[in-house]
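First to last, the protein sequences are chains A and B. First residue of the first sequence? That's 4 in my numbering, and the numbers climb one at a time after it. First residue of the second sequence? That's 4 in my numbering, and the numbers climb one at a time after it. One structure below.
There are 2 protein chains.
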Amino acid sequence: MSKPRIPQGTRDFSPTEVRKRQYILNTLRTIFETYGFQPLETPSMENLTTLMGKYGEEGDRLIFKILNNGLHEKKDSDKEKLNSEWNKVLEKPYSSSIVTERALRYDLTIPFARYVVMHQNDIALPFRRYQMQPVWRADRPQKGRYREFWQCDADVVGSTSLINEAELLCIYQSAFHQLKIPQVKVKINSRKLLAGLAEICGMPDKMMDITIAIDKLDKIEWTGVVAELQQKGIPDDGIEKIGKVIQLKGDNDTQLAALAEIMKTSETGLKGIEELKQTLSYYAELADKNWTSEIVVDISLARGLNYYTGVIVEVGCGAVKIGSIGGGGRYDDLTGLFGLKGVSGVGVSFGIDRTYDVMEELDLFPEQLVSGTKVLLINFGGAEEKYALGVLNKLRHVGLAAEIYPDAAKFDKQMKYANKRGLPYIIIIGEEEMRQHMVSLKNFTTGEQKMLTIHECIEALKA
Amino acid sequence: MSKPRIPQGTRDFSPTEVRKRQYILNTLRTIFETYGFQPLETPSMENLTTLMGKYGEEGDRLIFKILNNGLHEKKDSDKEKLNSEWNKVLEKPYSSSIVTERALRYDLTIPFARYVVMHQNDIALPFRRYQMQPVWRADRPQKGRYREFWQCDADVVGSTSLINEAELLCIYQSAFHQLKIPQVKVKINSRKLLAGLAEICGMPDKMMDITIAIDKLDKIEWTGVVAELQQKGIPDDGIEKIGKVIQLKGDNDTQLAALAEIMKTSETGLKGIEELKQTLSYYAELADKNWTSEIVVDISLARGLNYYTGVIVEVGCGAVKIGSIGGGGRYDDLTGLFGLKGVSGVGVSFGIDRTYDVMEELDLFPEQLVSGTKVLLINFGGAEEKYALGVLNKLRHVGLAAEIYPDAAKFDKQMKYANKRGLPYIIIIGEEEMRQHMVSLKNFTTGEQKMLTIHECIEALKA
């Protein structure tokens, strides 16, 4: 028999890993709820027609399609038809609803839009929802990139108020504060500023080219950016203006004031500045004074160019060499894809896998997560076993996670089990303990062992 | 544009539904952890070779297969090969790893066995794991039967001790007690008793036939069972013995004593009785005195005939007309499927969807689950908005779930929103409240409105 494996790019999560992931997800869930966001879950499968054409050609290719069931039952009557459908699939993998009509969810955004459209009469707008579920992509697996991974999104649809943007910034801050991730930096920009920049260069149609070029500033430095801008046909005085904007220094207020001066001829640009100012002002009212992460206006930030229309954000962690751990922005017409026009939205995503990696690298997970079980009762069989079961019952009754070794195995074997599980305490009950109506509690870390009443033992384990 | 839909047999879970489902899952999770069970999560996809042949022919047919990606990229060089592979698929849907090599998880048991075999050197035996994840089956959808549904399993592998059986009974009791589900009845039986019954009829090979016949007692009554037993060739004196066993009355001890007398010539039967006695005796030591559900020996109980080898259990709820809400038993060689012999296991499943339906029908979900948000701050814009944002910050700081209506919309519109969301409180802040450094808190149920300091308001909302 060949050794079993799991598909490339997928993962088993061991007990410790599940607990750590749950810790992240529960922290986020509590924050979302505190901010009035409501949970939503959509099916793993969507109809192919719902997903296709929403993620570009590359996305269409990377969607996992599900083979229709019952094909072999049709083979005798419909062989020719089935073969011709198969040839359609070979041309374009989503062209035959006879071969495949369902696919696995590729992200949480399109299913959310689909849900809002289907339930537009039931839900109260503005609708604030969060969603934490796996998605699937047939990407080539590599370090940190999986074919099944979790997304975690929070969105508000049906309101254009910038209070929403500010609250989503609060959610980022609150989350990374509670997870104790250091050196978190939230970059903020506006698509309108990027459009304004193109306008003041006299090239309103070149916003994409300009944005793509300045987004590379970190990698190719300013001289590289200049070369690319020239190549894209941006005139020299435009490039000069871009240079001025990019090299702006100072805090957010100073930068935004200077930008307003440079952009004074662009209505769109000024609108973008106004929106950033208002967002930051709302944020200042809402922010908790314990949050220490910076929020920094960064005009070189580009995100989801075909998608976002207003404020955009991205979160990085300076303490670990890793890409962004979150991002999002304002989009104007998501539900329009399914026929419901005029519903503006704004949302953010948390990168769960990367957040996990950061916390693992910086050793930020609380120690007690490793094993849920607090104590193992050693099993000596006979009357001692019976006595131990009664003790076990009392421990669990007060909510202590406890187990008994189920067999009266050799003491060494039971100790080895406790050790491998990383259990912090064991309880030993022999004749002497039974006679005195007590238990012996041994701390596995310090080696200390004490004879205690059951009540004292419960207090010690709860401490 | 056609209206978007979701695939047949799948469901969106609205915020209220997610919260209710989470309530069930969290209750179970806490209990599993208290009993020393550890969480495991496996990928949604498994290799087809892992799943095929494990669920019988019907199961193979109902497994959702995933189309391999990149087929159309191969079509020019390999057209002939691809067509012949397609024809293989039409014969047998899992016969071409070129067309499909992955599938969606069909249950949690086979992935668990696969995990244990793959990680046999890392995990401490006995391994007590719980797993709560969706599974997929291409069944014909109907009321209460879905193509995507959640399973929730707890298993112990690597120990033959009946303490495990008793602890799993405790987990059932504790769970349904905490969920407040009334009239829960746990039926318990042993495969060994069923084998013993066949032995004392002198037909040890007919255990399956006998079990299948007596399992129908509820539907076809004793005369129907007799007819079926005769048809299967069970001699009259055998049928008489079966009749005596089935009509046993009295509590568990009385029944087991009478059974021991009837089965005295069957070693297997006596072993089954011994195991049931020992399980119930362990259970008595471990049980909490608050649990009220019955545990009833029921020799007509049949479950997983090709699968279980020892104690079997099934949970029903007398208060609602619905099938079983849980079941499980002892199996002897699950990991043997993947080449690891001699690992005995015992496990139980919770039927999450049915448990949800029972709780919904009996209105057992705690009322505060419906909306997480406790209070909406009405937004009048301007200085009032600014003041309200400060209040909002203070409420969230102490963990109260609160939101502000993001736009200074008409009062009526904001009230309508609060109403549609089912929010219990609103806060109104006008000039008077600002002047006095207070807020007005309105209880939506009673209509009562009071002007309070922020501190008093927090106390009132926490109460």
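Where is the CB? At the ideal position from N, CA and C, for every residue including glycine. Just so we're clear, the structure is a prediction, and the values are computed from it rather than from any experiment.
Would you list, in sequence order, the uninterrupted beta strand (DSSP E) runs of no fewer than 3 residues that lie entirely inside the segment 161–205 of chain B?
With a minimum length of 3 residues, the continuous beta strand (DSSP E) runs that stay inside the segment 161–205 of chain B are 187–193.
Under 8 angstroms between the Cβ atoms of Val316/A and Val351/A?
Cβ distance < 8 angstroms, so Val316/A and Val351/A count as in contact.
Can you tell me the Cα-Cα spacing of Ile191/A and Ser296/A, whole angstroms?
Straight-line Cα distance between these residues: approximately 13 angstroms.
Should Gly39/B and Glu288/A be called a contact, given that it needs their Cβ atoms to be closer than 8 angstroms?
No. Outside cutoff.
Show which residues of chain B have a CB atom less than 9 angstroms away from the CB atom of Arg108/A.
The premise fails here: Arg108/A is roughly 10 angstroms from chain B at the closest Cβ pair, so nothing lies under 9 angstroms.
Pull up the DSSP beta-bridge partners for Asp158/B, would you.
DSSP output for Asp158/B lists Arg132/B and Gly350/B as bridge partner(s).
Please determine, among Phe179/A, Gln234/A and Leu304/A, the residue with the shortest C-alpha to C-alpha distance to Pro217/A.
In the sequence under discussion, the amino acid at residue 217/A is Ile, which differs from the Pro named in the question. Among Phe179/A, Gln234/A and Leu304/A, the Cα nearest to that of Ile217/A is on Leu304/A.
Show which residues of chain B have a CB atom less than 7 angstroms away from the CB atom of Ala127/A.
Those within 7 angstroms of Ala127/A in chain B are Tyr420, Lys423 and Arg424.
Using DSSP with H/G/I as helix, E/B as strand and the rest coil, what is Trp294/A?
Of the three classes helix, strand and coil, the one that applies to Trp294/A here is coil, per DSSP.
With Ile113/B as the anchor, note down where its alpha helix (DSSP H) starts and where it stops.
Its alpha helix (DSSP H) spans residues Thr112 to Met121.
According to the neighbour-count rule (16 or more other Cβ atoms, all chains shown, within 10 Å of its Cβ), is Thr449/A buried or exposed?
Result: exposed.
From this set, Cys155/A, Ala421/A and Leu262/A, which residue's C-alpha is nearest Leu111/A's C-alpha?
Minimum Cα distance to Leu111/A is reached at Cys155/A.
Check whether the segment 100–118 of chain A and the segment 23–32 of chain A are in contact - that is, three or more C-beta pairs closer than 8 angstroms.
With a cut-off of 8 angstroms, the segment 23–32 of chain A and the segment 100–118 of chain A do not count as touching, because too few Cβ pairs lie within range.
Verify the CB distance criterion: does Met48/A have a CB-CB separation below 8 angstroms to chain B?
Yes - at least one Cβ of chain B is within 8 angstroms of the one on Met48/A.
Tell me which same chain residues have a C-beta within less than 8 angstroms of the C-beta of Lys235/A, skipping the five on either side of it?
Counting only Cβ-Cβ distances below 8 angstroms, and skipping sequence neighbours, we find Lys209, Asp212, Ile213 and Ala216.
I'd like to know if Thr271/B contacts chain A, where contact means its C-beta is closer than 8 angstroms to some C-beta of that chain.
For Thr271/B, the answer is no, since every Cβ of chain A falls outside 8 angstroms of its Cβ.
Using only CA atoms, which one of Glu387/B, Leu262/B and Leu70/B lies nearest to Ser443/B?
Taking only the C-alpha atoms, the option nearest Ser443/B is Glu387/B.
Could you tell me the boundaries of the beta strand (DSSP E) in which Ile430/A lies?
Taken as a continuous stretch (DSSP letters only), the beta strand (DSSP E) holding Ile430/A covers Tyr428 to Ile431.
Let me see if you follow: with CB-CB separation under 8 angstroms, is Arg148/A close to chain B or not?
No, because no Cβ of chain B sits closer than 8 angstroms to the Cβ of Arg148/A.
Does any residue of chain A have a CB that is nearer than 8 angstroms to the CB of Arg333/B?
No, because no Cβ of chain A sits closer than 8 angstroms to the Cβ of Arg333/B.
Around the Cβ of Gln1/B, are there at least 16 other Cβ atoms within 10 angstroms (buried) or fewer (exposed)?
There is simply no residue 1/B to check, as chain B begins at 4 and stops at 466 in what is shown.
Could you pull the DSSP bridge partners for Ile481/A from this structure?
Only positions 4 to 466 of chain A appear in this structure, which leaves residue 481/A out of reach.
Can you give the Cα-Cα distance for Lys95/B and Asn309/B, rounded to whole angstroms?
Roughly 24 angstroms between the two C-alpha positions.
Can we say the segment 161–174 of chain B touches the segment 271–287 of chain B, given the rule of at least three CB pairs closer than 8 angstroms?
Segments in contact, yes.
Within its chain, find whatever has a CB closer than 8 angstroms to the CB of Ile203/A; leave out the 5 residues flanking it on each side and keep chain order.
Excluding residues within five positions, the ones whose Cβ falls inside 8 angstroms are Gly241, Lys244, Ile265, Met266, Thr268, Ser269 and Gly272.
Taking a Cβ distance cut-off of 8 angstroms, strictly less, list which residues of the segment 152–168 of chain A are near chain B, in chain order.
So the close ones are Val159, Ser162, Thr163, Ser164, Ile166 and Asn167.
Below 8 angstroms between beta carbons: does that hold for Lys23/A and Leu398/A?
Not a contact, by the Cβ cut-off of 8 angstroms.
Which residues of the segment 358–388 of chain A have a Cβ closer than 7 angstroms to any Cβ of chain B? Give them in chain order.
Those would be Gly375 and Thr376, in chain order.
Considering Cα atoms alone, identify which of Ile432/B, Glu224/B and Lys247/B is closest to Lys389/B.
Of the candidates Ile432/B, Glu224/B and Lys247/B, the one whose C-alpha sits nearest the C-alpha of Lys389/B is Ile432/B.
Given a limit of 7 angstroms on CB to CB distance, which residues of the segment 93–118 of chain A reach chain B?
Here the close residues are Leu93, Glu94, Lys95, Pro96, Thr103, Arg105, Arg117 and Tyr118.
According to the neighbour-count rule (16 or more other Cβ atoms, all chains shown, within 10 Å of its Cβ), is Val120/B buried or exposed?
Classification of Val120/B: buried, given that the 10 Å Cβ count is 16 or more.
Would you mind reading off the limits of the alpha helix (DSSP H) that contains Thr268/A?
Run containing Thr268/A: none; DSSP gives neither H nor E here.
Can you tell me whether Glu436/B is buried or exposed? The criterion is at least 16 other CB atoms within 10 Å of its CB, across all chains shown.
Buried, since its Cβ has 16 or more Cβ neighbours within 10 Å.
Please return the same chain residues whose Cβ sits closer than 8 angstroms to the Cβ of Val401/A, not counting the five positions on each side in sequence.
Same-chain partners within the cutoff: Ile461 and Lys465.
Could you tell me whether the Cβ atoms of Glu151/B and Met135/A are closer together than 8 angstroms?
No, they are not a contact pair.
Distance check for Arg357/A and Gly12/A, CA to CA, integer angstroms please.
One C-alpha to the other measures close to 16 angstroms.
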